[in-house]
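To keep things clear, I will list the structure first and then write my remarks on it.
Residue numbers (the UniProt record's numbering), protein chains in the order written: chain A, 1 to 90; chain B, 1 to 148.
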């Protein structure tokens with residue numbers, strides 16, 4: 001009985017630590033929070049900033065897709081830059 | 001300029017992803033080169049966006065829940081004559097005040113709906129790394145094209 005209880009509390013203790021570690025790992029990836037150099041950021045704030053960061057990355061992909069779409073139309077196939085691009089994937 | 005070339009020529013994951021994306025880009029360009037009508041630009045832009053998520057996910061393969069989810073969505077879209085569906089490719093549902101932070105995150109990370117909190121955080125970290133890497137790749141390519 002007691003061994004079962006200690007095993008259960010053991011597993012919940014491990015996953016709490018895991019979560020703390022993962023949250024701080026996420027914190028390191030966020031440009032906003034990383035620059036502030038503060039250790040006292042709540043997990044809720046990290047999650048919020050993570051969501052904001054992912055949304056901004058999705059928007060960047062959208063914007064860059066549109067930019068590339070325009071550029072693809074205007075670039076000359078025989079320009080030296082086009083040759084460079086072809087050479088990059090050889 | 002040289003830094004761009006070095007970046008593409010290594011065998012790192014990022015370089016493989018970049019080459020894959022570039023190949024898709026050139027295929028997309030060959031379909032209707034030089035067309036600047038706004039409808040064409042929009043269509044091409046959608047294809048480029050799909051190519052971005054596709055090369056990102058295919059480089060990672062089946063190792064991650066988010067990459068599996070993206071690959072699955074792209075495959076099932078291909079079976080429906082290529083119609084774009086709003087809920088695919090990272091487009092989020094409407095946020096509601098009752099959603100928890102974790103649920104908001106599950107909406108944003110592909111494949112997140114099926115994950116427990118711990119795995120969700122792991123997947124999120126990897127997804128963010130790959131997504132920001134993909135953004136850098138796209139910026140580099142746009143810069144190279146801009147110079148021509």
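Ideal Cβ placement from N, Cα and C applies to all residues, glycine included.
Is DSSP giving residue i helix, strand or coil here?
i: residue 17 of chain A; result: helix
i: residue 60 of chain B; result: helix
i: residue 116 of chain B; result: coil
i: residue 138 of chain B; result: helix
i: residue 25 of chain B; result: helix
i: residue 32 of chain B; result: coil
i: residue 99 of chain A; result: Nothing in the structure corresponds to residue 99 of chain A, since chain A is present only between 1 and 90.
i: residue 41 of chain A; result: coil
i: residue 100 of chain B; result: coil
i: residue 19 of chain B; result: helix
i: residue 147 of chain B; result: coil
i: residue 38 of chain B; result: helix
i: residue 24 of chain A; result: helix
i: residue 46 of chain A; result: helix
i: residue 12 of chain B; result: coil
i: residue 61 of chain A; result: helix
Buried or exposed, going by whether 16 or more other CB atoms sit within 10 Å of the CB of residue i?
i: residue 30 of chain B; result: exposed
i: residue 125 of chain B; result: buried
i: residue 65 of chain A; result: buried
i: residue 61 of chain B; result: exposed
i: residue 59 of chain B; result: buried
i: residue 85 of chain A; result: buried
i: residue 65 of chain B; result: buried
i: residue 28 of chain B; result: buried
i: residue 129 of chain B; result: exposed
i: residue 78 of chain B; result: exposed
i: residue 30 of chain A; result: buried
i: residue 67 of chain B; result: buried
i: residue 144 of chain B; result: buried
i: residue 45 of chain B; result: buried
Please compile the residues from chain D whose C-beta is within a distance smaller than 8 Å of the C-beta of residue i.
i: residue 59 of chain A; result: You won't find chain D in this structure, because its protein chains are A and B.
Is there contact here, the stretch 50–70 of chain A with the stretch 130–138 of chain B, by at least three beta-carbon pairs under 8 Å? Contact holds: three or more Cβ-Cβ distances are below 8 Å.
At least three beta-carbon pairs within less than 8 Å, the stretch 101–111 of chain B to the stretch 44–54 of chain A: Touching, yes, given that three or more Cβ pairs across the two stretches are closer than 8 Å.
Count the CB pairs spanning the stretch 39–57 of chain B and the stretch 66–77 of chain B that are closer than 8 Å, and state whether there are at least three. Result yes; three or more Cβ-Cβ pairs closer than 8 Å.
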